Amino acid sequence: MAPRRIRTTARDRSRRVLSQNFLADPAAVARMVRAARPDRHDLLLEVGAGRGQLTRPLATRCGRLVAYEVDPAVLPELAAACADLPHVRVRATDFLAAVPPDEPFAVVGNIPWSLTAAVVRWCLAAPGLRSATLLTQLDYARKRTGDHGRWSRLTVLTWPEHHWRLAGRVPRGAFRPVPAADGGILRLDRRPEPLLPAAALPAYRRLVELGFGGVGGSLAASLRTGYPRRRVDGALRAARIAPDAPVGLVWPEQWLVLFRLLHAVDPGRAGLRPGC
195 MAPRRIRTTA RDRSRRVLSQ NFLADPAAVA RMVRAARPDR HDLLLEVGAG
245 RGQLTRPLAT RCGRLVAYEV DPAVLPELAA ACADLPHVRV RATDFLAAVP
295 PDEPFAVVGN IPWSLTAAVV RWCLAAPGLR SATLLTQLDY ARKRTGDHGR
345 WSRLTVLTWP EHHWRLAGRV PRGAFRPVPA ADGGILRLDR RPEPLLPAAA
395 LPAYRRLVEL GFGGVGGSLA ASLRTGYPRR RVDGALRAAR IAPDAPVGLV
445 WPEQWLVLFR LLHAVDPGRA GLRPGC
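First residue of the sequence shown? That's 195 in the working numbering, and the numbers climb one at a time after it.
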């Protein structure tokens with residue numbers, strides 16, 4: 195006998211397309227709120243507000259909250275959950291199309307996992323962002339925060355201006371419907387002062403892109419394509435990086451040491467050339 199085919203509904207298909215996995219565990223909701231650390235002066239933007247599971251507890255701790263939700267099937271429940279909260283605005287629009295506020299703000303959300311990279315890019319590009327607390331797939335959060343023992347290109351590129359950390363884990367059973375993987379709470383904070391002068395950031399990013407270029411199978415081999423060999427070898431020794439170290443094993447702090455050594459004493463000088 196052929197296996198019985200399970201009929202999927204329009205709602206099932208919508209959840210799959212929108213990557214919707216709603217938080218159903220009060221303990222997980224409380225964990226997210228603690229990680230977000232809102233205060234009564236904050237302007238919060240919530241991504242993927244769903245039925246308001248996070249919206250109400252966040253709203254009790256912040257000054258104003260704008261909740262974004264594009265799924266028309268859950269908007270009535272979200273609106274009802276926020277009806278008695280005058281400082282909460284529900285927007286039935288795509289968060290990724292929103293113009294960042296002119297004032298300082300924070301982002302919080304149990305975001306659609308298929309849109310994680312796009313939401314993170316939006317946050318990194320927003321000048322007024324103070325922090326983002328995002329519930330993502332656990333593997334993504336671990337990759338971006340060095341929890342696997344390896345560091346990603348995006349994390350290293352943005353490290354002088356943003357701090358990344360894994361702020362908690364949420365078991366898959368805390369979601370409805372239950373996803374295939376656990377969730378991770380990714381915390382992204384804009385530094386009050388960048389670790390490098392603003393004028394040095396473009397040169398730092400060029401260094402990182404060169405290092406992640408994949409030439410020769412090691413960081414040293416990649417850097418030697420743009421800097422004198424002797425200078426690269428000396429900088430690696432000073433930063434305590436093995437000559438054959440894979441690029442993903444180099445800590446963000448070591449990248450900063452490399453940059454300062456390869457770009458001489460004053461990394462803030464504009465137009466500094468590699469090896470000068």
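The beta-carbon is built from N, C-alpha and C at its ideal position, and this holds for glycine as well. These numbers were taken from a predicted model, which means no experiment stands behind them.
Spatially closest choice to residue i from the options, by CA coordinates
i, options, result
"A229", "I379, A267 and V313", "I379"
"L269", "W307, E297, R285 and D427", "R285"
"D438", "S412, F369 and L430", "S412"
"A221", "R385, G407, P388 and G367", "G367"
"R400", "W449, W316 and T310", "W449"
"G340", "A361, L259, P391 and P321", "A361"
"A397", "L309, L456, R359 and V313", "L456"
"V223", "R250, W307, G322 and L259", "R250"
"D333", "G377, V409 and A261", "G377"
"N215", "R234, L237, R231 and G246", "G246"
"R324", "R363, L237, L390 and A335", "L237"
Pairwise C-alpha distance: residue j and residue i
i, j, result
"A267", "R454", "53 Å"
"L430", "L318", "29 Å"
"R418", "V451", "16 Å"
"E271", "P354", "41 Å"
"P298", "T287", "21 Å"
"V372", "H357", "30 Å"
"A458", "R425", "10 Å"
"A394", "P388", "10 Å"
"Y421", "G428", "11 Å"
"R385", "E447", "14 Å"
"V444", "V282", "43 Å"
"G410", "W316", "33 Å"
Beta bridge counterpart(s) of residue i as assigned by DSSP
i, result
"F216", "R370"
"Q331", "G377"
"S416", "Answer by DSSP bridge pairing: none, since S416 is not bridged."
"E240", "A261 and V302"
"R285", "Y262"
"S325", "A300 and D383"
Residue interval of the alpha helix (DSSP H) (run including residue i)
i, result
"W316", "T310 to A319"
"L272", "L269 to A275"
"Y421", "Per DSSP, Y421 belongs to no alpha helix (DSSP H) and is neither H nor E."
"F453", "P446 to L456"
"G343", "Taken as a continuous stretch (DSSP letters only), G343 belongs to no alpha helix (DSSP H), as it is neither H nor E."
"R347", "R347 to T352"
"T254", "First-last for T254: undefined, no H or E at that position."
Opening and closing residue of the beta strand (DSSP E) in which residue i lies
i, result
"R363", "H356 to V364"
Near the ligand FAD: residue i beta-carbon under 7 Å from a heavy atom
i, result
"P298", "Only the bare structure without any ligand can be found here, which leaves the ligand FAD out of the picture."
Quick check: the region 348–366 against the region 238–245, are there 3 or more CB pairs under 8 Å? Fewer than three beta-carbon pairs drawn from the region 348–366 and the region 238–245 are found closer than 8 Å, and the two stretches are therefore not classed as touching.
Sufficient close CB pairs (3 or more, under 8 Å) joining the region 391–410 to the region 332–345: Fewer than three Cβ pairs drawn from the region 391–410 and the region 332–345 lie within less than 8 Å of each other, which leaves the two stretches out of contact.
Quick check: the region 299–313 against the region 276–283, are there 3 or more CB pairs under 8 Å? No, they do not touch.
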